[in-house]
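Numbering (the numbering used here), first residue to last: 23 to 215.
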């Protein structure tokens, strides 16, 4: 018996000409990458690394003058350090808390907390319903979930406050009064909402 010859793809076959099979392979690859990223985000090690990176970026924000709060300090730094200041400005280090590296790391950490909670709550619920498992560290697990849920809610509040709130400065001399109006602020920065 003679084995059939394998099908050879030509230039006009659907798999090579951008047909439906090529899109299916790309979608499957994207799904695998997304599943792997989700598994990595659920790990405690990933959350700790993201927290360390966020702390490092926040430390940079405390060591360097920041633009919205201290524009004179930033200008003084630029004048004293003409070589490094342009690089720091390109990286957004003078406005670190609104820069893309800080926002990306914060979103990834937020997603990591949400992913770990999403996985741990059903398992803790199952353990709470099983009488034999109730005394084996269940309260520690519940306390951990409550802490992380509180942190998650706190982050939602901070993000909403930054997006919907505003920050304004005004110099008021003792004895004078101040009327709440946009035109009366010396410096006003509003959120995006």
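Backbone N, C-alpha and C define an ideal beta-carbon position, used for all residues, glycine too.
Quick caveat, the model's predicted, so the values are computed rather than measured.
- Inside the segment 52-90, DSSP marks whole alpha helix (DSSP H) runs of 4 or more residues at positions 66-85, from first to last along the chain.
- Non-local C-beta neighbours of residue 204 in its own chain, meaning closer than 7 Å and more than five positions away in sequence, comprise 210, ordered along the chain.
- Residue 109 has its alpha-carbon roughly 50 Å from the corresponding atom of residue 160.
- Along the length of the segment 94-165, whole alpha helix (DSSP H) runs at least 4 residues long occupy 106-113 and 122-151, reported in chain order.
- With contacts defined by Cβ atoms closer than 8 Å, residue 89 and residue 124 do not form a contacting pair.
- Residue state for residue 209 is assigned as strand, using DSSP reduced to three classes.
- A distance of 8 Å or more separates the beta carbons of residue 48 and residue 135.
- The three-state secondary structure of residue 190, taken from DSSP, is strand.
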